[in-house]
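K.L.:
From first to last, the protein sequence lines are chains E and C. Numbering of the first sequence is given in numbering that gives the first Met the number 0, commencing with residue 0 and proceeding in unit increments. Numbering of the second sequence is given in numbering that gives the first Met the number 0, commencing with residue 0 and proceeding in unit increments. Don't be surprised by glycine CBs; every beta carbon is placed ideally from N, CA and C. Here the structure is a predicted model, which is why all the values come from computation and not from measurement.
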Amino acid sequence: MRNSKITVAIPKGRNLKPTVELFKRAGIDFSPALTNDRKLIFDDEKAGITGIIVRDTDIPVYVEGGAVDIGVSGKDQLDEQEKNIYEMLDLGYGYCRLVLCEPASLKENDDPSRWTNIRVASKFTNLTTKYFQARGIHVEIIKLYGSIEIAPLVGLSERVVDLVSTGATLKANGLVEVETIMDVTARLVVNRASLKTKHKAISSLIKAMEESLSKNPIKE
Amino acid sequence: MKLNPTAIPHGTRTYLFEEAANKRFLEQTIHSHLRSRGFQEIVTPPFEYHESATIGLREEERNRLIRFTEGDSGRIIALRADITSQVARSAATHLLSRPLPLRLCYTGSVFRRARKGKGEKFVISQSGMEIIGHAGEDADVEIVRSIVSALDKVGLSGFSLSLGHAGFIGAILEGCDESDCEKIRAALIKKDKGMLAKILADAPAQKKSKIISLADLFGDGEEVFKKAGAIADSDNSRSALENLEKIYNALRGAGLREKISIDLGEMRGFGYYTGVNMELFSPSGIPLGTGGRYDNLVKRFGPDIPAVGFGFDIDGMIEALAKDISAPAWHGSDVVLVGGSKENADKLRSAGLMVIVPLGETDLDEVKSFAKKMDIPHILLGGSKEGSFSWIKSASGSTENCGLDDFIKKYFSK
Numbered sequence: 000m001r002n003s004k005i006t007v008a009i010p011k012g013r014n015l016k017p018t019v020e021l022f023k024r025a026g027i028d029f030s031p032a033l034t035n036d037r038k039l040i041f042d043d044e045k046a047g048i049t050g051i052i053v054r055d056t057d058i059p060v061y062v063e064g065g066a067v068d069i070g071v072s073g074k075d076q077l078d079e080q081e082k083n084i085y086e087m088l089d090l091g092y093g094y095c096r097l098v099l100c101e102p103a104s105l106k107e108n109d110d111p112s113r114w115t116n117i118r119v120a121s122k123f124t125n126l127t128t129k130y131f132q133a134r135g136i137h138v139e140i141i142k143l144y145g146s147i148e149i150a151p152l153v154g155l156s157e158r159v160v161d162l163v164s165t166g167a168t169l170k171a172n173g174l175v176e177v178e179t180i181m182d183v184t185a186r187l188v189v190n191r192a193s194l195k196t197k198h199k200a201i202s203s204l205i206k207a208m209e210e211s212l213s214k215n216p217i218k219e
Numbered sequence: 000m001k002l003n004p005t006a007i008p009h010g011t012r013t014y015l016f017e018e019a020a021n022k023r024f025l026e027q028t029i030h031s032h033l034r035s036r037g038f039q040e041i042v043t044p045p046f047e048y049h050e051s052a053t054i055g056l057r058e059e060e061r062n063r064l065i066r067f068t069e070g071d072s073g074r075i076i077a078l079r080a081d082i083t084s085q086v087a088r089s090a091a092t093h094l095l096s097r098p099l100p101l102r103l104c105y106t107g108s109v110f111r112r113a114r115k116g117k118g119e120k121f122v123i124s125q126s127g128m129e130i131i132g133h134a135g136e137d138a139d140v141e142i143v144r145s146i147v148s149a150l151d152k153v154g155l156s157g158f159s160l161s162l163g164h165a166g167f168i169g170a171i172l173e174g175c176d177e178s179d180c181e182k183i184r185a186a187l188i189k190k191d192k193g194m195l196a197k198i199l200a201d202a203p204a205q206k207k208s209k210i211i212s213l214a215d216l217f218g219d220g221e222e223v224f225k226k227a228g229a230i231a232d233s234d235n236s237r238s239a240l241e242n243l244e245k246i247y248n249a250l251r252g253a254g255l256r257e258k259i260s261i262d263l264g265e266m267r268g269f270g271y272y273t274g275v276n277m278e279l280f281s282p283s284g285i286p287l288g289t290g291g292r293y294d295n296l297v298k299r300f301g302p303d304i305p306a307v308g309f310g311f312d313i314d315g316m317i318e319a320l321a322k323d324i325s326a327p328a329w330h331g332s333d334v335v336l337v338g339g340s341k342e343n344a345d346k347l348r349s350a351g352l353m354v355i356v357p358l359g360e361t362d363l364d365e366v367k368s369f370a371k372k373m374d375i376p377h378i379l380l381g382g383s384k385e386g387s388f389s390w391i392k393s394a395s396g397s398t399e400n401c402g403l404d405d406f407i408k409k410y411f412s413k
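See the structure below:
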């Protein structure tokens, strides 16, 4: 897929719409992606840019492997996967937090400063491990791929580490926040070699986005 | 649990036939080219005492060393993660009485624990060069010229070389405390200006904006040097910039402008770089090697001698050879000789052909199928008449009669 054209990985899901808006501001039209949810490749022939629609968790992989030059990825996935790519712009949208939660009943008498050994269910095994290791706490991680909040209810783990935006899911499952591990927003990521070999096109794209965002942030 | 004897350690691989041939072709071609420029080969041991193996490595790289202990002494030994520091040690010891500069080259593997899910290799094949004992830009330029002409020799004329300067970043970061420096380095590696702003929240405004602007200092040389000139406000930063500009201008003069981009915010690779650093990519973005100036490394072993070098990543080159250029036509052998004499085989071999003589009883159909499966284009079938052979082409199956001299002539004429 790599030639002098620029290719972009756009995330499915929550960040799709603001990302299409972001590229629109830089003069690139991916709006058909908003209405056609079966097609996965979109060309803006006028701008000479191709967009592919992929799962947000896969975007760092596409960018690192050079399958695309640019992508939009959540900071949570970037820090979880630790890919060797540039994170050039904080796009401001896609805000949520990675938090450690536990059942409200547990929280009543819990003192996190006394933890030495805990069991946590999460998708984010790397971030969770690092977070607790740095505090000298042994953590046993139960890797799940979805419905993390249910783990304490069925006794799989006492606690969970997951993304929270409104907190409604937590509340519905009787969980409360204990600690925020990180704040998350979407980032513009760039393949390392692409930035060297196509720096003119990529720099001007980033500059257009940066200027537009500083005047008028993208809201969801 | 029963161990599976066919399993291989994570991050290791085998090179079969064509890949092995490409690997040898690359190593051989790079080596002969470096020899033709006066670089002399040195072969260093695959492991080292831990104290030596860690010289010049950052913490992350140190954590990836493969360690074991020496039987008698119980001292910790590590597989080498870098050949340059070994070469530097040789320069500081065995080669101390030789005139400088030394031009040295090497081919070998380095070892780093491969982390799962990262596509990392445990064994990394490198071919590299070092010029030890020359502090001027001429040495840096000679390294780049050697890279470029070696690439030309292997047929990779399209490439892109990114140049940075450890001394420039060092000068801009002067006065930052060490833990901030480490954080700044991590953010610079990602060109994450938001993170830089956060780390430098309490720093004086001017210093903050200077450091943040490092992340934007990439692109065409002229443009970057102009922007960098505006933030170079110390003797060290100015002289680093001047140094890189001199190297860049010399390379531009050699017609390499289109292939070179400058990135003054790059702060990766070994911790021992002090001056220019280089990162080579194929047209499709495959990393092909890294290098740079390391004026303080030899000193770690004794004498204070400046040096610069570069190492090709052979696996990257193999990938680029397959992807970016049409590799030379490859076949397993040239000829299967059936029913010929030892003298016939010798004659073909001394003409430069790769000749297989089947072992034991042979059936022509089997030979044909063998030749096809092993990518051998020709079969010569002798024995019916003195000096005359049936020449069968494996691909088409077409047959003609010819003598050995005739075959050799036709083989090389096409």
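1. Which full runs of the alpha helix (DSSP H) of 4+ residues lie inside the region 358 to 391 of chain C, going along the chain?
2. What's the C-alpha gap between residue 346/C and residue 371/C?
3. The beta strand (DSSP E) that contains residue 310/C, what's its start and end?
4. Could you check whether the Cβ of residue 1/E sits closer than 8 Å to any Cβ belonging to chain C?
5. Who pairs with residue 398/C in a beta bridge, going by DSSP?
6. Just the C-alpha distance for residue 134/C and residue 242/C, rounded to the nearest angstrom, thanks.
7. Decide if residue 139/C is buried, meaning its Cβ has at least 16 other Cβ atoms within 10 Å, or exposed.
8. Which residue wins for smallest C-alpha separation from residue 89/C, given the options 315/C, 336/C, 333/C and 296/C?
9. Compute the Euclidean distance between the alpha carbons of residue 3/C and residue 141/E, then round it to the nearest angstrom.
10. Just to confirm before moving on: does the CB-CB distance between residue 201/E and residue 40/E stay below 8 Å?
11. Just to confirm my understanding: we take residue 32/C, look at its own chain, exclude 5 residues before and 5 after, and list those with CB closer than 6 Å. What are they?
12. Cβ of residue 168/C within 8 Å of Cβ of residue 192/C?
13. Leaving out five residues on either side along the sequence, give the residues of the same chain with a beta carbon under 7 Å from the beta carbon of residue 124/E.
14. In this structure, what does DSSP give as the bridge partners for residue 116/E?
15. Do you know whose CA, among 320/C, 145/C and 353/C, lies nearest residue 331/C's CA?
16. Have a look at residue 184/C and residue 157/C and give me their C-alpha separation to the nearest angstrom.
17. Determine contact between the region 156 to 169 of chain E and the region 40 to 52 of chain E, defined as no fewer than three beta-carbon pairs at a distance below 8 Å.
18. Within 8 Å of any Cβ in chain E, is that where the Cβ of residue 283/C sits?
19. Using the three-state DSSP reduction, which class does residue 499/C fall into: helix, strand or coil?
20. Using a Cβ-Cβ cutoff of less than 6 Å, which residues in the same chain neighbour residue 189/C once the five nearest sequence positions on both sides are dropped?
21. Does the region 72 to 81 of chain E touch the region 190 to 201 of chain E, meaning 3 or more C-beta pairs lie closer than 8 Å?
22. Can you list the residues of chain E that residue 218/C reaches, using a CB-CB cut of under 8 Å?
23. Is the CB of residue 66/E under 8 Å away from at least one CB in chain C?
24. Considering only C-alpha positions, which residue in the set 60/C, 30/C and 77/C is nearest to residue 51/C?
25. For a contact meaning CB atoms closer than 7 Å, what does residue 193/E contact in chain C?
26. Between residue 87/E and chain C, is there a C-beta pair that is closer than 8 Å?
27. If you drop the 5 nearest sequence neighbours on each side, which residues of the same chain put their C-beta closer than 6 Å to that of residue 42/E?
28. Rounded to a whole number of angstroms, what is the C-alpha to C-alpha distance between residue 335/C and residue 14/C?
29. On the CB-based measure, 16 or more other CB atoms within 10 Å of its CB, does residue 0/E come out buried or exposed?
30. Taking 8 Å as the CB-CB limit, is residue 108/E close to chain C?
31. Would DSSP call residue 339/C helix, strand or coil?
32. What are the boundary residues of the beta strand (DSSP E) that residue 164/C is part of?
33. Say the cut is 7 Å; is the CB of residue 96/C nearer than that to a heavy atom of the ligand FAD?
34. Take every Cβ of the region 268 to 285 of chain C, pair it with every Cβ of the region 226 to 237 of chain C, and state whether three or more of those distances are shorter than 8 Å.
35. Leaving aside the five residues before and after residue 17/C along the sequence, list all residues of the same chain whose C-beta is less than 7 Å from its C-beta, in chain order.
36. Could you tell me which whole beta strand (DSSP E) segments of length 3 or greater appear in the region 170 to 205 of chain E?
P.N.:
Judging by the given coordinates:
1. 363 to 372
2. 23 Å
3. 306 to 312
4. Below a pLDDT of 50, predicted positions are generally treated as unreliable, and residue 1/E, at 42, falls in that range; the measurement from the model is reported next regardless. Cβ-Cβ to chain C under 8 Å: yes for residue 1/E.
5. 391/C
6. Going by the C-alpha atoms only, they are around 11 Å apart.
7. A buried status is given to residue 139/C, since no fewer than 16 other beta-carbon atoms sit within 10 Å of its beta-carbon.
8. 296/C
9. Distance from the CA atom of residue 3/C to the CA atom of residue 141/E, rounded to whole angstroms, is 28 Å.
10. no
11. 149 and 152
12. no
13. 140 and 142
14. 137/E
15. Of the listed residues, the one whose Cα sits closest to residue 331/C is 353/C.
16. Roughly 30 Å separates the two Cα atoms.
17. no
18. It does; some Cβ of chain E falls within 8 Å.
19. Only positions 0 to 413 of chain C appear in this structure, which leaves residue 499/C out of reach.
20. none
21. no
22. Listed along chain E are 198, 199 and 202, each with a C-beta nearer than 8 Å to that of residue 218/C.
23. no
24. 77/C
25. 284
26. Cβ-Cβ to chain C under 8 Å: yes for residue 87/E.
27. 49
28. 24 Å
29. At residue 0/E, the pLDDT of 36 sits below 50, so the modelled position is not reliable; the number obtained from the coordinates is stated separately. Label assigned to residue 0/E: exposed.
30. no
31. In the structure shown, residue 339/C sits in coil (DSSP, three-state: anything other than H, G, I, E or B).
32. Start and end: 159 to 164.
33. Although the ligand FAD was asked about, the structure shown includes no ligands whatsoever.
34. no
35. 329
36. 174 to 183 and 185 to 189
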